[in-house]
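See structure below.
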Amino acid sequence: MTEVNPNQINNSSSGLQKVSAKYQKWRLLKDRITEYGVVAGGLGVIVAIVLIFFYLLYVVFPLFTSAETKPISQYSIPEKTLGQTAFLAMEEQNEIAVRFTETGKVIFFTAKDGKTVKIDAINIPEQVEVSSFSHGNLAKGTVVYGLSNGTAIVLKPVYKISYPNDVRKITPVLEYPLGLEPLILDEQGNALTHIAVKMSEDQTTLVAKTSENTILMSRFIKEESLFGDDGEFERTDVILDVPAETISHFLLDKRQQYLYLLGRQGDMTVVDINNADNTKILQKLSVLEPDSQVTATSFLTGELSLLIGDSSGMVSQWSIIRDEHGQISLQKLRSFKVSQKPIVAISPEQRRRGFIAIDADGVAGVYHTTAERELIRERVSEQMPVFLTLSPRANAFLMQTEDDKIHFWGIKNEHPEVSWRSLWGKVWYESYPKPDYIWQSSSSSNDFEPKMSLTPLVFGTLKAAFYAMLMAIPLSIMGAIYTAYFMAPKMRKLVKPSIEIMEALPTVILGFLAGLWLAPFVEKNLLGIFVLLMFVPLGVIIFAWCWQFVPRAIRHKIPDGWDAALLIPVIILSAWVAFLISPSIEDLVFDGNIQYWMKSQFGIGYDQRNALVVGLAMGFAVIPTIFSIAEDAIFSVPKHLTVGSLALGATPWQTMVKVVLLTASPGIFSAVMIGLGRAIGETMIVLMATGNTPVMDFSIFQGMRTLAANIAVEMPEAEVDSTHYRVLFLAALVLFVFTFVFNTLAEIVRQNLRQKYSSL
Amino acid sequence: MIKAWFKSGSPWVWLNAAAVSMSLILVVGLLILIAVRGLGHFWPKDIVEYKYNEGSQPTLIIGELVEISRMTAKEAKASGYKLPDNAKYLEQRLIKTGNRDITGADFRWIQSQYIQQESYPEDLIVIERREWGNFYGRLIAVKEKGQIIAEDDQAYTVAQQRIDRALGLFDEIEHLQKKEIGAINYALERLRLKQRRLQLEGKWNEAEEQTLAAEKASYKKSYQELQRQLSQLNEKIRRDSLVVKEAMGRTVEIPLAKVVQMLQPNAMNIVEKSWQYVVKFFDFVSEDPREANTEGGIFPAIFGTIMMVMLMAVIVTPFGVIAAVYMREYASQGLIIRIIRIAVNNLAGVPSIVYGVFGLGFFVYILGGNIDQLFFPEAAPAPVFGTPGLLWASLTLALLTLPVVIVSTEEGLARIPKSIREGSLALGATKSETLWRTVLPMASPAMMTGLILAVARAAGEVAPLMLVGVVKMAPTLPLDGNFPFLHLERKFMHLGFHIYDVGFQSPNVEAARPLVYATSLLLVIVIIGLNVFAISIRNHLREKYRALEN
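Those protein sequences? They're chains D and Z, same order as listed.
Numbering that gives the first Met the number 0 puts the first residue of the first sequence at 0, with every later residue one more than the last.
Numbering that gives the first Met the number 0 puts the first residue of the second sequence at 0, with every later residue one more than the last.
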């Protein structure tokens with residue numbers, strides 16, 4: 000563009016017109032302002048796309064950051080004189096902590112500075128001592144004291160929250176769910192040396208080992224009472240027939256189904272106690288390497304798997320697995336190496352499948368089991384730790400050390416459950432027979448672990464795109480070839496816009512038709528569709544063959560390049576014939592029902608909303624995109640090339656294949672890329688035309704769930720800034736990157752092609 | 000000979016031609032499918048009466064024939080149907096029998112072999128109701144305050160008059176409830192927010208309290224007055240009822256307050272039916288939906304779509320045009336412009352759902368959340384702009400359609416001959432004056448094209464809207480008589496989403512299907528119309544500049 004200096008104009012015209020200098024300045028200023036405005040606006044487009052990318056990245060980024068922990072305070076054990084610590088716990092807000100002592104005292108204190116809030120004590124008869132202690136479900140806070148006279152007391156701290164003067168006040172109280180008086184477990188009155196308790200809505204189980212090495216189990220089942228909820232308990236007492244000498248760890252799961260008895264040397268006995276009248280030993284095994292001892296145990300949240308810490312600094316996760324044959328056994332899922340020193344304490348998170356473990360050297364490790372992530376490993380204490388407890392929200396922990404100090408640490412660990420492996424690799428989830436790719440994000444309770452593997456979604460996306468392209472590429476490119484090169488200009492003027500207009504057709508309509516009209520239609524006429532695929536090309540070829548022999552007079556009535564119009568009735572007719580005869584074929588060959596036949600012969604299942612339907616509908620949506628760009632590329636191949644080729648004696652088809660297609664191939668390639676980008680990102684069609692089940696099955700008769708549809712389904716329900724929310728953003732980012740790569744590739748190829756054409 | 004024929008390439012050419020024909024057939028077939036199904040929805044169908052005997056006892060079935068389907072005898076036997084030995088097919092008919100309140104289902108499959116008699120008596124009526132879907136049967140009598148006032152032959156005419164009266168009353172009630180009482184509720188809510196705001200700012204005092212209390216009292220008073228009127232109207236509308244008999248002979252009483260329309264389609268001639276068709280179509284586009292969107296009209300969805308698209312157009316046009324002007328008139332054609340082109344093309348290729356995600360995270364939560372904190376602290380914890388709504392939907396779609404406007408405007412600018420710009424500059428105009436006075440006016444049809452294409456794209460887009468503001472049922476329109484009239488923060492309904500929602504999320508998909516087809520047809524017509532319009536402008540423009548260049 001020719002640049003004209005406005006100053007020159009100004010100079011030359013000043014003599015002719017009396018224009019005030021001020022006005023000229025104003026004009027120049029306006030010019031400047033416009034220029035800056037326009038440049039800013041133009042660059043804004045780049046900013047917009049960069050913003051989208053970086054914003055997505057910004058949301059996704061915290062998923063992959065490491066966790067942090069830092070000390071908040073430390074203080075001496077509150078009310079040290081009242082006895083040694085048996086257990087430490089904290090309430091939801093991390094304000095108040097509780098210390099259960101080995102003498103049956105309960106001390107509530109502020110978690111931050113160790114000031115005593117309240118001291119309570121259990122009701123122990125005279126001459127009786129506490130002989131064992133254990134905690135029940137962490138989230139419920141139940142604990143149990145076993146006493147030396149064969150009795151036990153179950154209690155739980157409850158935190159009442161009130162808001163006097165708009166300030167939160169937490170008042171701790173003790174509750175005794177099974178009554179204030181000690182429950183008699185052992186009629187002989189032997190001391191209970193080990194004890195475990197689990198309570199649920201309608202049943203409670205207590206298991207204890209006595210000093211006589213017998214294992215007692217008492218189960219209380221709440222009986223339905225007609226009058227309100229003060230129902231009676233039905234009590235069953237059983238003596239378990241298990242050798243008990245070596246047992247040092249008792250673990251009872253909260254479903255009160257399995258009892259895990261563990262000796263110091265790693266000898267594990269799993270007892271099925273689901274039916275109190277018929278308990279049986281499920282399995283006996285060793286859970287440790289030789290030469291190491293069990294030093295700490297815990298359940299993981301949900302209590303489907305156990306964590307066993309040993310003297311070699313390993314923590315391993317074990318879970319009851321039901322294999323393909325229905326065989327139940329305890330199996331090791333994975334293990335984490337904390338250090339070389341014995342593990343002193345393990346404390347699980349209460350909402351996620353994570354835990355913290357600490358060794359004798361004071362090295363603490365925070366892990367997430369299913370993501371197999373080590374989030375923190377840090378030495379948090381010079382002294383040997385004794386106890387460790389995570390807060391309910393897993394954002395702090397309390398640690399007691401050998402020198403009778405309590406350390407209060409904060410943890411920042413927002414998204415431990417996501418790792419590169421858990422997103423893309425096979426993960427062995429609790430109680431699944433083997434590692435697998437699973438997407439199952441919605442959670443109905445805390446016990447349910449969200450399973451977020453993007454692999455099935457990416458697989459579904461590519462599958463849908465693949466079948467769509469399978470339909471779209473041949474139709475659109477062949478169509479483009481014909482329209483651009485062989486078709487009469489008059490017809491082209493009509494055909495091109497009408498196919499292109501379909502690009503604007505809302506995909507929600509295509510999806511609706513695919514889901515509610517096409518899917519039932521295909522189900523009914525499945526064979527018809529495949530017969531049609533054979534019949535239509537056959538019909539066309541036969542018609543073309545016969546057309547040569549049609550008398551010249553008739554043939555010449557159809558102008559050159561209108562063959563396509565001629566073929567419309569042919570295609571409709573062959574399609575009609577295909578649908579007409581397919582029921583008979585189905586009857587003859589496939590026993591009248593092809594779906595059933597496939598199922599019985601090859602085990603191929605048929606889903607009504609499947610990849611075939613998606614392929615047809617989405618292929619239809621992609622055809623105009625590819626057609627339009629490919630047609631442009633072929634049409635703009637310089638005429639002298641084709642004319643030259645024809646002049647040298649090549650047939651039109653030879654010219655097409657050897658000259659035109661070769662020259663236009665980059666354009667066709669970019670058309671396919673752009674079409675692929677569109678197919679990958681398409682949401683509504685897949686959302687409506689598939690069952691949206693995230694399965695990894697490439698079968699054309701099965702559905703899938705794509706990244707885009709998954710976002711549309713789950714995004715409105717995802718809690719802001721939760722892991723789920725960020726993983727959905729990651730899915731969006733993956734889509735963005737996919738299409739970015741395809742589009743950029745296509746655009747660069749296209750720009751190069753344009754330059755090549757202009758140089759030809 | 001066949002070999003030679005194949006060698007000539009002719010069959011390949013034919014196959015390519017077939018691909019074009021196939022695409023065309025698909026396109027046209029799709030449009031015909033939507034059109035036939037969509038248009039059929041409004042036609043008053045005849046009501047058929049079957050004498051049906053499945054074995055034990057003959058029954059009467061009254062309803063509309065929806066579909067006839069055939070199954071081979073073998074299949075039918077496999078699925079447990081009984082068939083005569085010589086039958087080749089099992090023919091089944093889907094009948095819309097209505098009367099959901101009595102039978103529990105709207106539809107019923109019957110087997111043609113058991114139909115003993117098929118007739119179309121003229122006295123069969125269909126009543127469109129506000130609840131429970133259609134009623135099919137016969138009219139027995141009209142009651143006023145429980146007393147029968149018309150029976151048999153006169154009943155139909157009397158009932159029609161009474162229905163007209165009831166409809167008038169119903170409109171009044173609707174107006175009172177939605178407009179007047181709605182306005183009072185809105186005003187009361189504003190008063191509450193005002194009070195909260197004053198309290199937050201520490202300006203809450205006796206005087207304020209009194210003025211507010213006075214205002215509140217006056218609203219309360221007019222509210223009571225309206226309530227009184229409302230109960231009077233309700234009293235009036237409850238006066239009449241229809242006594243009808245359904246197919247099985249049970250008589251039912253339908254209060255006129257629940258009746259939308261009553262017809263005797265079998266007695267109507269083609270002219271009456273055509274008129275009915277027009278009326279129904281008009282109702283469809285102008286009325287509110289009923290029964291979880293499965294019946295009634297789609298007015299709020301049309302309105303919401305238009306509002307959103309208009310707002311989007313206002314936002315996207317300036318940005319799109321400026322960007323295009325930059326790329327064509329100001330930027331030097333080098334690496335940067337190449338990158339921008341790639342960026343624009345990428346923007347066009349990014350899946351729409353990604354825009355939705357971006358809009359939700361960035362516009363709604365970040366921008367909206369901050370706006371709430373700064374300007375609407377009184378509404379907390381309820382979000383005002385920090386939740387999906389009209390404004391964010393429009394902004395998201397503006398971003399989505401930006402490339403469309405840019406590409407189209409740029410094309411328009413590129414077609415303006417250089418000589419025109421040079422002429423303007425030579426006459427002493429600055430670059431910006433050239434731009435404003437010559438280039439842009441000449442490119443305005445191109446911008447228009449871009450805008451129309453953008454509007455067409457936005458009107459059909461659903462996926463991102465699901466995240467940033469569309470709901471299945473919005474209680475209020477984004478534009479109403481309450482200050483500030485345009486409520487940008489409100490959620491709205493949208494045609495595309497309506498199709499998805501009614502077609503896939505509604506409890507009664509079968510009954511709602513014709514409505515979805517009709518909605519689809521409307522949307523397709525609007526979008527194709529817009530596109531054809533845009534393309535014709537563009538073609539016209541191309542011709543014009545070709546002439547200019549020569």
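Glycine is no exception: its CB is placed at the ideal position from the N, C-alpha and C atoms.
Bear in mind the structure is a predicted one, so any value in this text is a computation, not a measurement.
Taking a contact to mean a Cβ-Cβ separation below 9 Å, would you say residue i touches residue j in this structure?
{"i": "S475/D", "j": "T662/D", "result": "no"}
{"i": "A66/D", "j": "P391/D", "result": "no"}
{"i": "A323/Z", "j": "V404/Z", "result": "yes"}
{"i": "P506/Z", "j": "A182/Z", "result": "no"}
{"i": "E66/Z", "j": "L93/Z", "result": "yes"}
{"i": "A16/Z", "j": "P473/D", "result": "no"}
{"i": "L522/Z", "j": "S497/D", "result": "no"}
{"i": "P181/D", "j": "T150/D", "result": "yes"}
{"i": "Q275/Z", "j": "D122/Z", "result": "no"}
{"i": "I684/D", "j": "T506/D", "result": "yes"}
{"i": "M309/Z", "j": "G468/Z", "result": "no"}
{"i": "A503/D", "j": "R537/Z", "result": "no"}
Could you name the residues of chain D that residue i contacts, counting a contact when the two beta carbons are closer than 8 Å?
{"i": "T71/Z", "result": "P582, D586, G591"}
Out of curiosity, what's the CA-to-CA distance linking residue i and residue j?
{"i": "F741/D", "j": "G676/D", "result": "6 Å"}
{"i": "T1/D", "j": "R545/Z", "result": "Since pLDDT at T1/D reaches only 45, below the 50 mark, its modelled position is unreliable, and the value read off the structure follows with that caveat. The alpha-carbon atoms of T1/D and R545/Z are separated by roughly 22 Å."}
{"i": "P513/Z", "j": "A616/D", "result": "20 Å"}
{"i": "N245/D", "j": "V97/D", "result": "The displayed chain sequence assigns Thr, not Asn, to residue 245/D. So the alpha carbons of these two residues sit roughly 31 Å apart."}
{"i": "Y185/Z", "j": "L394/Z", "result": "26 Å"}
{"i": "I270/D", "j": "I405/D", "result": "With the sequence shown as reference, residue 270/D is identified as Val, and Ile is not the correct amino acid for it. Straight-line Cα distance between these residues: approximately 37 Å."}
{"i": "I8/D", "j": "G427/Z", "result": "Residue placement at I8/D cannot be trusted, given a pLDDT of 48 that sits under 50; the coordinates are not used to answer."}
{"i": "N709/D", "j": "R420/Z", "result": "51 Å"}
{"i": "Q194/Z", "j": "G480/Z", "result": "23 Å"}
{"i": "S519/Z", "j": "V525/Z", "result": "10 Å"}
{"i": "I305/Z", "j": "A458/Z", "result": "8 Å"}
{"i": "A295/D", "j": "A344/D", "result": "6 Å"}
{"i": "Q110/Z", "j": "R69/Z", "result": "10 Å"}
{"i": "M468/D", "j": "A312/Z", "result": "33 Å"}
Whose Cβ in chain Z lies nearer than 9 Å to the Cβ of residue i?
{"i": "P536/D", "result": "L14, A17"}
Mind pulling the chain Z residues with CB within less than 7 Å of residue i?
{"i": "P455/D", "result": "Result: empty, since nearest Cβ-Cβ is about 18 Å, beyond 7 Å."}
{"i": "N742/D", "result": "N344, N345, G348"}
{"i": "I765/D", "result": "No answer is possible for residue 765/D: the residues shown for chain D start at 0 and end at 759."}
In the stretch 460-471 of chain D, which residues sit with their C-beta less than 9 Å from some C-beta in chain Z, listed in chain order?
For the stretch 460-471 of chain D, the set of residues with a beta-carbon nearer than 9 Å to any beta-carbon of chain Z is empty.
Closer than 7 Å, Cβ to Cβ, to anything on chain Z: give me those residues from the stretch 549-573 of chain D, in chain order.
D562, A563, L566, I567, I570, I571: these are the residues of the stretch 549-573 of chain D whose beta carbon lies less than 7 Å from some beta carbon of chain Z, given in chain order.
Are at least three pairs of beta-carbons, each pair with one atom in the stretch 326-335 of chain Z and one in the stretch 454-468 of chain Z, less than 8 Å apart?
Verdict: no, contact absent.
Three or more C-beta pairs closer than 8 Å, one from the stretch 475-490 of chain Z and one from the stretch 431-447 of chain Z: is that the case here?
Cβ pair count under 8 Å is below three, so no.
How do the stretch 697-714 of chain D and the stretch 454-463 of chain D stand: do at least 3 beta-carbon pairs fall below 8 Å, yes or no?
The answer is yes - the stretch 454-463 of chain D touches the stretch 697-714 of chain D, with three or more Cβ pairs under 8 Å.
Using 8 Å as the threshold, is the stretch 352-372 of chain D in touch with the stretch 409-428 of chain D, meaning 3 or more CB pairs across them?
These segments touch.
Is the stretch 48-58 of chain Z touching the stretch 598-614 of chain D, taking contact as three or more C-beta pairs under 8 Å?
These segments do not touch.
Below 7 Å between beta carbons is the criterion; list the residues of the stretch 75-101 of chain Z that meet it against any residue of chain D, in chain order.
Flagged: no residues at all.
So, does the stretch 349-362 of chain Z touch the stretch 712-727 of chain D, judging by three or more C-beta pairs under 8 Å?
Cβ pair count under 8 Å is three or more, so yes.
Going along the stretch 16-41 of chain D in order, which residues come within less than 9 Å of chain Z, judged by CB to CB distance?
Residues passing the 9 Å Cβ filter: R26, L27, K29, D30, R31, I32, T33, E34, G36, V37, V38, A39, G40, G41.
Could you name the residues of the stretch 696-715 of chain D whose beta carbon sits closer than 7 Å to any beta carbon of chain Z, in the order they occur along the chain?
Those would be A707, I710, A711, M714, P715, in chain order.
Inter-stretch contact at 8 Å, needing at least 3 Cβ pairs: the stretch 0-9 of chain Z / the stretch 649-656 of chain D
Counting C-beta pairs closer than 8 Å gives three or more between the stretch 0-9 of chain Z and the stretch 649-656 of chain D, which meets the contact rule.
Using Cβ-Cβ distances below 7 Å, what residues of the stretch 492-506 of chain D are close to chain Z?
Per Cβ criterion, the list reads V494, P496, S497, I498, I500, M501, A503, L504, P505.
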